[in-house]
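Chemist: Got a structure here, written out as structure tokens. Questions coming.
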DNA sequence: CCATATAGTCAATATGGTTGACTATGTGGG
DNA sequence: CCCACATAGTCAACCATATTGACTATATGG
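Chains as they are written, first to last, in this note's numbering: chain A, 538 to 684; chain B, 538 to 684.
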């Protein structure tokens, strides 16, 4: 039993995933904070990756991201309040708005991507480039076709 | 920019970690639910791995797990209510209680460990045993010595 | 034996999400 | 043409999970 408990504590995959995610998130946010980026957290990345230059509806983001439209609506509001996104009326549908990324949003994205890559690089150094690449590929494969 | 956005969407490490963790958690909980296990969720695993046969104090779990003692206290209460844990007065300190795992708790643990291993096995099959092992080892290494 | 630290609880608050009800607008079939 | 029904988005209520602060009871070292 002791054996079982300690094996859960040390190598339980679920907890490792959780801890790594928190660590990664925290480090990215710290870097962004030191750039003076405010009013944004990583939860906003539920929305951001779905925004493109053609404009997208809140409902569409909600559907694709798998969260409620109310949650997406709130995230968009916050991002608009901080000038990272812009919304325009959808000419094709008076009920809808289209979400676009702003200039400030693009700048923020460049920073976020750079920090993300730096932290990945740091981690890659810890475990070796090759094994790190294997790890990421394995993760992607699992996500690609798991029930 | 499109390139950047889509690269974030598809391979951003933070989101992969988050999604994998949720997927793993959900699957374990589904399995446990189909065993008739109730009143327990994976957040209780913040507490469970620290319980051993010698008994442990709530405060000590909180310290080691890095969460508030209030949060741990609530988790323990729930686990005790559902008979997965037992608490006894600490003979050495009248302020304190010691947390032990119950018989029901041991049975639950066996199931949880089995399901965890099965899901890991399923994932290992998807990416290959060798790469899966590399992935887990890499994750452990990163957790071991990251700031 | 008192000053201070510690174990644990209760309450208030923060955060981040959900579901439900609603308004306004769009759309397809009689 | 228009009505029934679907859809975009908002507002409000609620829920889950954690935090911090204030408190009580007990321990302990100078």
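Where is the CB? At the ideal position from N, CA and C, for every residue including glycine. These numbers were taken from a predicted model, which means no experiment stands behind them.
At a Cβ cut of 7 Å, what residues of the segment 591-606 of chain A count as close to chain B, listed as they run along the chain?
Modeler: none
Chemist: Using the Cα positions of residue 617(B) and residue 580(B), report the straight-line distance between them to the nearest angstrom.
Modeler: One C-alpha to the other measures close to 15 Å.
Chemist: Could you please give the first and the last residue of the uninterrupted beta strand (DSSP E) stretch that includes residue 638(B)?
Modeler: 634-638
Chemist: Is there at least one Cβ from chain A nearer than 9 Å to residue 551(B)'s Cβ?
Modeler: yes
Chemist: Work out the CA separation of residue 576(B) and residue 619(B) for me, nearest whole Å.
Modeler: 6 Å
Chemist: Is there a C-beta anywhere in chain B that falls below 9 Å from the one on residue 655(A)?
Modeler: No, no contact with chain B.
Chemist: Would you mind sorting residue 562(B) into buried or exposed? The rule is 16 or more other CB atoms within 10 Å of its CB.
Modeler: buried
Chemist: Could you give the distance in angstroms between the alpha-carbon of residue 670(A) and the alpha-carbon of residue 647(A)?
Modeler: 22 Å
Chemist: From residue 676(A) to residue 650(A), what distance separates their C-alpha atoms?
Modeler: 19 Å
Chemist: Determine the direct distance from the alpha carbon of residue 610(B) to that of residue 567(B), and round the result to whole angstroms.
Modeler: So the two alpha carbons sit approximately 26 Å from each other.
Chemist: Taking Cβ to Cβ, would you say residue 634(A) is nearer than 9 Å to residue 626(A)?
Modeler: yes
Chemist: Quick one: using the 10 Å Cβ neighbour count with 16 as the cut-off for buried, is residue 573(B) buried or exposed?
Modeler: exposed
Chemist: Check for me: the alpha helix (DSSP H) holding residue 625(A) runs from which residue to which?
Modeler: First-last for residue 625(A): 622-626, but that is the beta strand (DSSP E), not the alpha helix (DSSP H).
Chemist: Is the CB of residue 572(A) under 9 Å away from at least one CB in chain B?
Modeler: It does not; no Cβ of chain B falls within 9 Å.
Chemist: Compute the Euclidean distance between the alpha carbons of residue 584(A) and residue 652(B), then round it to the nearest angstrom.
Modeler: 33 Å
Chemist: From residue 594(A) to residue 614(B), what distance separates their C-alpha atoms?
Modeler: 44 Å
Chemist: Am I right that residue 554(B) and residue 557(A) are in contact with their C-beta atoms under 8 Å? What's the rounded C-beta distance?
Modeler: That pair is a contact at about 5 Å.
Chemist: Any beta carbon of chain A sitting closer than 9 Å to that of residue 562(B)?
Modeler: yes
Chemist: Could you give the first and the last residue of the continuous alpha helix (DSSP H) run that contains residue 556(A)?
Modeler: It spans 550-571 - the alpha helix (DSSP H) in which residue 556(A) sits, taken as one unbroken run.
Chemist: Sort 636(A), 632(A), 629(A) and 628(A) by Cα distance to residue 612(A) and report the nearest one.
Modeler: 636(A)
Chemist: Within its chain, find whatever has a CB closer than 7 Å to the CB of residue 641(B); leave out the 5 residues flanking it on each side and keep chain order.
Modeler: 620 and 621
Chemist: Distance, Cα to Cα, residue 679(A) vs residue 589(B)?
Modeler: Taking the straight line joining both Cα atoms gives about 33 Å.
Chemist: With 9 Å set as the bound, which would you pick, yes or no: does the beta-carbon of residue 675(B) sit closer than that to a beta-carbon of chain A?
Modeler: Taking Cβ atoms only, chain A reaches closer than 9 Å to residue 675(B), which makes this a yes.
Chemist: At the level of alpha carbons, what is the spacing between residue 643(A) and residue 631(B)?
Modeler: 59 Å
Chemist: Would residue 587(A) pass as a contact of residue 601(A) if the rule is Cβ separation under 9 Å?
Modeler: yes
Chemist: For residue 658(B) and residue 628(B), I'd like the C-alpha separation in whole angstroms.
Modeler: In a straight line, the C-alpha of residue 658(B) is about 43 Å away from that of residue 628(B).
Chemist: What does residue 664(A) reach in chain B if we use C-beta pairs closer than 7 Å?
Modeler: 675, 678 and 679
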